[in-house]
Amino acid sequence: MQLQQRLAGSGRASGTCSSRRSLVVKATIAPPAPATAGAKKLFQFDGALSEVDPEIHSLITKEKGRQVRGLELIASENFTSKAVMQALGSCMTNKYSEGRPNARYYGGNEYIDQVELLCEGLQGGPHNHTISALAVALKMANTEEFRVYQKQVIANCQSLCARLQSHGYKVVSDGTDNHLVLIDLKPAGIDGARVQTVLDEVSITLNKNSVAGDKSAMTPGGIRIGTPALTTRGFSAKDFELVADFIHRAIVIAKDCQAKTPAPAKLKDFKEYLEGPAAARPDIAALRSEVEALAQSFPMPGL
1 MQLQQRLAGS GRASGTCSSR RSLVVKATIA PPAPATAGAK KLFQFDGALS EVDPEIHSLI
61 TKEKGRQVRG LELIASENFT SKAVMQALGS CMTNKYSEGR PNARYYGGNE YIDQVELLCE
121 GLQGGPHNHT ISALAVALKM ANTEEFRVYQ KQVIANCQSL CARLQSHGYK VVSDGTDNHL
181 VLIDLKPAGI DGARVQTVLD EVSITLNKNS VAGDKSAMTP GGIRIGTPAL TTRGFSAKDF
241 ELVADFIHRA IVIAKDCQAK TPAPAKLKDF KEYLEGPAAA RPDIAALRSE VEALAQSFPM
301 PGL
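Residue numbers (full-length UniProt numbering): 1 to 303.
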């Protein structure tokens, strides 16, 4: 039996997402049991994501690969556990539960009520799969293991901070006692947007960030670096010294690319130079290779 499904095209989002082109998807599935009189069947095909929507499945697979082989340093991001993912993708997605526990507008909420009482949810029409996943996450957070993890997040951040300072970078607040570091790149003669662009090229993810005196949010003077996600993957304080060295090497590359960007040398020109003449730079390829080798040597939760 073959499934034929036409996916209607849609426009590109901000020029970064591939369009949903019109195409015919043919997915082979196991042949059905011999038809019998009065046989019951689902209204729609209930296949795996790879069968129903290969395009989305492919993009999710690519995103997982990006996460595994890169160094995730965005302070507000982390990698969730397999248990949380299972709750998030569970049958709790199916249930609507407007109201409060034991005071719902609809029936069939006896188990939803128990879940929400474990983790007080949202009024209105809550997303029960999200509440269930949050309950699992909070249970995991209420452990000694998680407390040790939080302490390691801070220790790792302090190690990262000290190493960046040893390279001569200005740390806003002159240090850190939490999970993130804010670097002012103005004294180094470069901005956060250009550095973030180069870091993306070498599989290091963080975000440009405003610092005192900035006039543009698009080309701010700093970068923000966080340690929770890589600590989740098992990185130690020593490993974060190497991460800091990688960031330093990327900043050096960014400064060289900035010097070689043709006039008027705006951010757009910098990106075009990086995608064009600078694309074959051996220092970028070498750094990317080292970054990905390090990242892939650590486990990834949720797989």
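All C-beta atoms, glycine included, are put in the ideal place defined by N, C-alpha and C.
Verify whether the separation of the beta carbon atoms of residue i and residue j is less than 8 angstroms.
i           : j    : result
Q258        : I154 : no
L180        : G222 : no
M92         : N128 : yes
I183        : V171 : yes
L303        : V198 : no
K95         : P301 : no
Q196        : N178 : no
I251        : A188 : yes
residue 304 : S97  : With the chain covering 1 to 303 only, the question about residue 304 has no answer from this structure.
Between which two residues does the alpha helix (DSSP H) containing residue i stretch?
i    : result
I288 : Note on identity: in this sequence residue 288 is Arg, with Ile being the wrong assignment. Segment P282 to Q296, the alpha helix (DSSP H) holding R288.
K268 : L267 to E275
N128 : N128 to A141
A62  : Note on residue identity: the sequence assigns Lys, not Ala, to residue 62. Counting along the chain, the alpha helix (DSSP H) containing K62 begins and ends at P54 to R69.
K238 : A237 to K260
Y111 : E110 to L118
Grab me the residues of residue i's own chain with a C-beta within less than 8 angstroms of its C-beta, minus the 5 sequence neighbours each way, in chain order.
i    : result
R194 : T219, A254, C257, Q258, L267 and F270
S173 : L182
A87  : H129, S132, A133, A135 and V136
For residue i, report the span of its beta strand (DSSP E) as first-last.
i    : result
G192 : Looking at the DSSP string, G192 is not in any beta strand (DSSP E); the run it does join, the alpha helix (DSSP H), is G192 to E201.
N78  : First-last for N78: undefined, no H or E at that position.
D184 : L180 to D184
R147 : No beta strand (DSSP E) contains R147, which is instead part of the alpha helix (DSSP H) from E144 to S166.
R224 : G222 to G226
K40  : Note, K40: premise wrong, no beta strand (DSSP E); not H, not E.
N102 : It is not in any beta strand (DSSP E) - N102 carries neither H nor E in the DSSP assignment.
N94  : That residue, N94, is in no beta strand (DSSP E); it is neither H nor E in DSSP.
K208 : N207 to N209
Identify, in the order they occur along the chain, each residue of the same chain with its Cβ nearer than 6 angstroms to the Cβ of residue i, setting aside the five sequence neighbours on each side.
i    : result
E116 : P101 and I131
A244 : L160, R163 and L164
A285 : none
R288 : V202 and S203
H248 : H167
Only counting the same chain, and skipping five residues up and downstream in sequence, which positions put a Cβ closer than 7 angstroms to that of residue i?
i           : result
T176        : C157, Q158 and C161
residue 369 : The shown model of the chain, from 1 to 303, leaves out residue 369, and the question about it has no answer.
D283        : I253
G234        : F298 and P299
### Task
Specify whether the segment 226 to 243 and the segment 57 to 75 touch according to this definition: at least 3 beta carbon pairs, one from each stretch, less than 8 angstroms apart.
yes
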